[in-house]
Amino acid sequence: MRWGLSLAAWALLATLAQALPPTPLAWQGSLAEPWRVFTAAFVHWTPWHLTMNLAGCAALAVLGWRAALGPRDAVALWLALPLTQLGLLLKPDLVSYGGLSGALHAATSIAACALLARGAARERWVGAGIALGLAVKLVLEQPWGPALQTVQGLDFPLAPWAHLCGAGAGLLAWAGSRIGRHGT
């Protein structure tokens, strides 16, 4: 399994999901319909929402290519996908959610962890920079505030809690992908 192919698959699934009605796929605040922990990531509310997330997939694919992220990092991507949505259960006022942004924050977290674990100082510095940038972004978004936030220039509501859940899911998935294995 490859990092770039995984992100390309996410982008393709998100694009294909636009042909389907979003309501049966989007997160609905419970596990009554468990498939939503996978499908919610591929629902996008507007074309701009989809475009932004596709751009995120492309940027993270390039980062993964440049950083030579490996198969275990790609496995972590797929582990983080449902973990991100499961974290939404901790914010009961987030009753509906769709989009790849939470999962893309997970991918960012995974990339940062992978680089921080490397032996070369330059790679560790890049990983630390990514981790710091992600942490600052998350704090500035105030995920502990309202579940959905209106942001000027966006034609869909932002769900900062999903971003925080994604970053945390990425950490957990990256660590989980290393259990019982030696090396990077």
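In the numbering used here, the protein residues as written are 7 to 190.
We put the CB at the ideal spot given by N, CA and C, even for glycine.
- When beta bridges are read from the DSSP output, residue 155 appears opposite 164.
- DSSP places residue 54 in the helix class (H, G or I) of the three-state scheme.
- Distance from residue 132 to residue 121 at the Cβ level is roughly 5 Å; contact confirmed, criterion being Cβ atoms closer than 8 Å.
- In this structure residue 90 is buried. Its beta-carbon is surrounded by 16 or more other beta-carbon atoms within 10 angstroms.
- CA-to-CA, the gap between residue 14 and residue 151 works out to about 32 Å.
- In the DSSP assignment, residue 115 falls within the alpha helix (DSSP H) that extends over 107 to 122.
- Considering only 102, 70, 7, the residue with the shortest C-alpha distance to residue 119 is 70.
- Per DSSP, the continuous alpha helix (DSSP H) segment holding residue 87 begins and ends at 77 to 93.
- Going by beta carbons, residue 98 and residue 174 fall outside the 9 Å limit.
- If you compare the alpha carbons of 22, 17, 50 with that of residue 33, the shortest gap goes to 50.
- Nearest in C-alpha terms to residue 101, of all of 37, 127, 117, 180, is 37.
- Note that the C-beta distance between residue 114 and residue 66 is below 9 Å.
- Shown here for residue 54: same chain residues with a beta carbon closer than 8 Å to its own, the five before and five after excluded, namely 160, 161, 162 in chain order.
- Rounded to whole angstroms, the gap between the alpha carbons of residue 108 and residue 169 is 4 Å.
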